Structures are given as structure tokens and as C-alpha cells.
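Here the structure is laid out as C-alpha cells; the discussion comes afterwards.
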Amino acid sequence: AKMFSGAVTWHSDNGILKDSSFVNNQAGGGAGAVNWVGINGVLSDCSFVNNHAEMFGGAVNWIGDYGILSSCSFANNTANKYGNGIYLETNTANVSDCSFSIYRPKNTAVVTINNLIYYKDSNYSVNYYENGNLINHGHINDDNVSFYNLDNGKHNIQIIYNKEGKNFTNYINITGDSYLNASNVYMFYNDGTKYTLKLTDHKGNPLINQNVQITIANAKYNIKTDSLGYATLVLKQKAGKYNIIAKFDGNSDYNPSNVVSTLNILDSPITKNKNPKIYFGGRFKVQIINANGKHVGAGKLVKFTIAGKTYIQKTDKNGYASLKIKLKPKTYTISTKYANFIKKNRITVKPVLTAKSIVKKKAKSIKFYAKLVNTKGKPQAKKMVRFKFRGKTFKIKTNKKGIAKLKIKNLKKGKYKIYTQYGKSKIKNTIKIK
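Residues 1 to 434 (the UniProt record's numbering) make up the sequence shown, in order.
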């Protein structure tokens with residue numbers, strides 16, 4: 001930064017500078033943005049934001065006689081010594097109809113403002129009015145001024161300083177509190193859920209048509225509040241847990257605010273569908289959950305489609321729905337539908353009754369074995385298994401290992417068919433005698 005003037009130095013007389021904006025300028029000495037030297041200068045309708053001077057005149061340093069500063073706006077300008085907004089080295093220059101925006105911390109009843117206008121050679125008396133009422137008084141060069149018992153709304157305070165019998169009026173705009181409100185969001189991936197926030201003043205009145213920035217992970221969005229102060233965003237993030245940071249940067253009337261919410265996105269309400277192997281007569285089971293991760297309870301309808309047929313089942317009190325599988329052992333695709341959500345799984349139906357074809361040399365007797373398990377694959381003991389062989393039926397109980405053993409005597413050489421059955425499970429094998 002330069003020693004004097006971070007942006008403009010005006011030397012000529014009778015100059016006019018208006019309708020300009022000065023943002024983020026700095027000076028090592030005075031005049032963070034504008035240094036005015038010429039006589040009879042006019043500076044009007046300009047805005048000064050975030051300018052800084054190491055010594056005096058955070059935004060403007062005025063040297064020339066008979067200058068006029070009018071209708072300019074100032075926000076967050078600073079100087080380390082004198083005149084955060086304006087420093088005047090001559091008492092022939094006048095300041096009028098300028099506004100100074102003051103951002104205050106939320107829920108602050110007392111606001112202290114450092115010096116805004118400083119006259120090097122004069123210290124004029126000043127009165128402060130709000131709504132026509134005198135609320136404080138002092139001198140233009142006071143280091144600071146404090147205002148007490150302020151509610152959380154915005155305040156427009158007149159600064160009237162008297163100079164040689166003539167009043168000059170400027171304004172302090174103390175921002176009101178703004179409030180962003182938003183709830184945590186629980187949803188399923190791509191289900192159309194919207195994040196909704198509301199921006200209000202301290203009385204709950206909506207702040208309309210205001211820009212709000214929303215950040216979710218690395219994604220940033222800019223949206224405007226509507227006529228009721230609401231702003232919405234359709235959420236399309238992948239399944240996972242996120243922070244949603246909503247931020248209002250404030251304006252000349254209201255201070256900034258932000259709110260942080262949690263976003264939980266689940267993949268699907270159809271869960272616990274990871275049972276790829278099912279024994280004949282067993283059940284394919286799923287649990288249905290809400291977006292908050294809790295089960296839906298009883299009575300919700302779930303559709304299962306397998307082998308070209310659709311079955312409708314209801315959830316139990318723990319949110320589980322299941323379908324009994326009585327299909328020929330092989331691999332199938334089963335589709336589960338709940339509301340608008342669909343999950344597909346490949347399942348393998350395994351037999352509960354098994355036996356192996358055998359090849360034996362001719363002997364006085366041979367043994368044929370069948371094994372029976374339950375729908376969880378555990379051996380079933382003391383169950384009656386039927387064998388049909390050469391026109392006869394044999395009933396044999398399984399042992400503790402689930403094995404039923406049939407003894408066959410005096411078979412001649414040849415190939416024979418044998419049928420084994422338990423309930424609706426029926427298998428065919430061969431016995432070959434060499």
C-alpha cells in the first residue's frame with residue numbers, strides 16, 4: 001500500500017467524484033481509499049467498504065478547503081489512530097447525509113462505535129437521535145460513543161453535529177440480528193427431499209430476496225429467500241453423512257448469520273437383504289427402515305418378485321417382511337419393492353434333502369444314504385424319510401446327523417432308479433450294480 005491513498009489522490013481544484021465504489025484498499029499512512037487535496041472538491045454517492053489506513057482516515061483523508069462530502073456510505077473501514085471513516089485536516093469541509101453501517105455481535109444490547117468522523121483542528125458538539133429522541137451526546141472527535149438498551153432489531157441513528165451555528169446530519173445504521181433456522185435432514189438417496197431454511201429478523205419476520213450460501217462437502221450453492229423468508233435446495237448427494245453449512249453474509253440492515261445442520265442419507269429403506277443362500281422352504285427376509293434408520297414397524301406392504309411371480313407381504317412389528325421360498329433348487333433373481341424403492345438380489349436355493357447316485361459291485365447288500373437338513377442347513381434328526389425303490393416304499397428315520405440309511409439286498413447287475421422324499425422335497429437318483 002502507498003503511504004497516502006490506497007486508491008485515489010485528487011489534486012485539482014473544483015473536482016467532482018461520484019458513483020464509485022472503493023473496497024479493500026489500504027494505505028500505510030492516511031487515506032485508506034481517497035486522499036483529497038484540491039479546493040472546492042465534491043465527493044458524493046460513493047461507497048467505501050473494508051478500507052484501512054495505518055494512521056488516519058480509514059476511507060477518506062480530506063485536505064482541501066471548502067470540500068463537500070455527501071451521500072456516501074461507509075462499512076467496516078478502520079484507521080489505527082483517527083477517523084475510521086473520514087479524517088478532515090480542514091474545518092472548512094463539510095460532511096452530510098453519509099451513512100455508516102455498524103455490524104454488531106448477535107444479542108448485543110450495548111453497542112460501542114469507534115470514531116467515524118474526525119476534524120483535526122475542531123471538535124464540534126454532536127447529538128445522537130433515534131426516532132426523534134435524543135439518546136446520547138458528545139463531540140465529533142470522541143474516541144467512541146456507546147448506545148445502550150438496544151433491542152436486537154436494526155437501528156437508524158442520526159448524527160447531528162453543529163458547526164458554527166449550522167447543523168450537519170449523518171447516519172449510523174446499526175444492523176439488526178438475523179437468524180437462520182434449519183433442521184437436520186434424514187433421507188434416502190435421490191428421494192427428492194429438500195433442505196429448507198428460513199431467514200428472519202429478531203421478531204421472526206422474514207428477510208426476503210436475500211442471498212444465502214449453502215456448502216455441502218465440496219459443493220457450494222447460492223439461493224435466494226422467497227417472500228416468506230424460505231430457501232430450499234433439492235439434495236442429490238450420495239449416501240453418507242454430511243454437514244450442511246448455510247451462511248447469510250448480512251447487508252446494510254442485518255448482520256451475518258449461519259446455521260450448521262446434519263445431513264444423513266441412507267442408500268435405501270430396504271435393508272438386511274444379504275442372504276444369498278436359502279434352503280428350500282426357507283425365507284428371504286428384509287427389514288424396512290425409515291430415513292432416521294429406525295424400522296417402520298408392522299403393517300407396511302412389501303412386494304417380492306421371483307420366477308415371474310409377485311407376492312405381497314406385510315412387515316411385522318420389527319419391520320421385517322419375508323417370503324417363503326419353495327422353488328426348485330437353483331439360482332434366481334429376487335426383486336424387493338417398497339414404495340418407490342427397488343432392490344434386486346441373486347439368491348441360490350439349496351435343497352434340504354440330498355443323496356448321491358452310487359455305483360457298486362454286486363454284493364449281498366448295499367447301503368443308500370440320504371441327508372436331511374433344516375432351512376438353516378442344520379441336520380434334522382428323527383425325521384421320517386421315504387424311499388421308493390422297485391415298487392416298494394421304505395420309511396426310515398434320520399439319525400442325529402440327519403442321515404437316513406436304506407439297506408438293499410441281493411441286487412442283480414443293472415441300473416435302478418430310486419426316489420427319496422421328505423415333505424415336498426423329492427429327488428431321483430440311480431443305483432448301478434456292476
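For glycine and all other residues, C-beta sits at the position ideal for the given N, C-alpha and C.
Here the structure is a predicted model, which is why all the values come from computation and not from measurement.
Run through DSSP, which three-state label would residue i get?
| i | result |
| --- | --- |
| Asn131 | coil |
| Asn94 | strand |
| Ser268 | coil |
| Tyr279 | strand |
| Tyr419 | strand |
| Thr225 | coil |
| Met3 | strand |
| Tyr103 | coil |
| Thr9 | strand |
| Lys194 | strand |
| Leu207 | coil |
| Tyr148 | coil |
| Leu327 | coil |
| Arg386 | strand |
| Tyr189 | coil |
| Asn374 | coil |
| Gln26 | strand |
| residue 485 | Missing from the structure shown is residue 485; the chain here goes from 1 to 434 and no further. |
| His202 | coil |
| Ser357 | coil |
| Lys220 | strand |
| Val259 | strand |
Return the chain-ordered list of same chain residues with a C-beta closer than 6 Å to the C-beta of residue i, the five sequence neighbours on each side being excluded.
| i | result |
| --- | --- |
| residue 505 | Since the displayed the chain opens at 1 and closes at 434, residue 505 lies outside it and no answer follows. |
| Cys46 | Ser20, Cys72 |
| Tyr87 | Phe56, Gly57, Asn61, Tyr118 |
| Lys198 | Asn181, Gly229, Tyr230 |
| Val352 | Tyr279, Phe280, Val373, Ser425 |
Beta-carbon separation of residue i and residue j under 8 Å?
| i | j | result |
| --- | --- | --- |
| Val286 | Thr271 | yes |
| Leu180 | Ser257 | yes |
| Asp65 | Thr92 | yes |
| Lys314 | Leu301 | yes |
| Val145 | Asn133 | no |
| Asn141 | Tyr118 | yes |
| Gly83 | Phe74 | no |
| Ile358 | Ile431 | yes |
| Ala239 | Asp201 | no |
| Lys129 | Gln158 | Lys is not the amino acid found at residue 129; the sequence shown has Tyr there. Contact flag set, yes. |
| Leu372 | Thr398 | yes |
| Asn211 | Lys224 | yes |
| Leu207 | Tyr148 | no |
| Lys400 | Ala370 | no |
| Phe22 | Asn51 | yes |
| Glu54 | Ala27 | yes |
| Phe4 | Gly38 | no |
| Lys388 | Tyr419 | yes |
Which same chain residues end up closer than 7 Å to residue i when comparing Cβ atoms and leaving out the 5 residues on each side of it in sequence?
| i | result |
| --- | --- |
| Gln421 | Arg386 |
| Lys412 | Ile433 |
| Lys407 | Ser365, Lys367 |
| Asn292 | Tyr186 |
| Ile113 | Ile102, Asn144, Val145, Ile172 |
| Met384 | Lys395, Lys397 |
Apart from the five residues on each side of it in sequence, which residues of its chain come closer than 8 Å, Cβ to Cβ, to residue i?
| i | result |
| --- | --- |
| Lys350 | Lys277, Ile278, Tyr279, Phe280, Pro329, Gly377 |
| Lys317 | Gly297, Ala298 |
| Asn340 | Asp191 |
| Ile325 | Ile278, Phe280, Gly281, Gly282, Arg283, Phe284, Ile306, Ile347, Val349 |
For residue i, which of the options has the nearest alpha-carbon?
| i | options | result |
| --- | --- | --- |
| Leu43 | Ser71, Gly32, Gly6 | Ser71 |
| Asn209 | Thr232, Asn190, Thr193, Met187 | Thr232 |
| Gly414 | Lys388, Asn133, Lys362 | Lys362 |
| Gly423 | Lys401, Thr375, Lys407 | Thr375 |
| Arg104 | Ser357, Tyr320, Asn429, Gly250 | Gly250 |
| Lys163 | Lys194, Asn123, Phe188, Lys198 | Asn123 |
| Ala182 | Ile403, Lys247, Asn50 | Lys247 |
| Lys203 | Lys303, Ala219, Gln237, Asp151 | Asp151 |
| Asn77 | Thr90, Val8, Asn115 | Asn115 |
| Asn264 | Thr193, Gly176, Thr310, Pro379 | Thr193 |
Need the endpoints of the beta strand (DSSP E) that residue i sits in, please.
| i | result |
| --- | --- |
| Phe248 | 240–248 |
| Thr175 | From DSSP, Thr175 is part of no beta strand (DSSP E); its letter is neither H nor E. |
| Arg346 | 341–350 |
| Met55 | From DSSP, Met55 is part of no beta strand (DSSP E); its letter is neither H nor E. |
| Gln313 | 309–314 |
| Gly67 | Counting along the chain, Gly67 falls outside any beta strand (DSSP E), and DSSP gives it neither H nor E. |
| Ser21 | 21–23 |
| Ser425 | 425–433 |
| Ile63 | Taken as a continuous stretch (DSSP letters only), Ile63 belongs to no beta strand (DSSP E), as it is neither H nor E. |
| Lys397 | 392–397 |
| Leu301 | 301–306 |
| Ala75 | 73–75 |
| Val110 | Careful: Val110 lies outside any beta strand (DSSP E) and carries neither H nor E. |
| Tyr254 | Here Tyr254 belongs to no beta strand (DSSP E), and DSSP marks it neither H nor E. |
| Gln158 | 155–163 |
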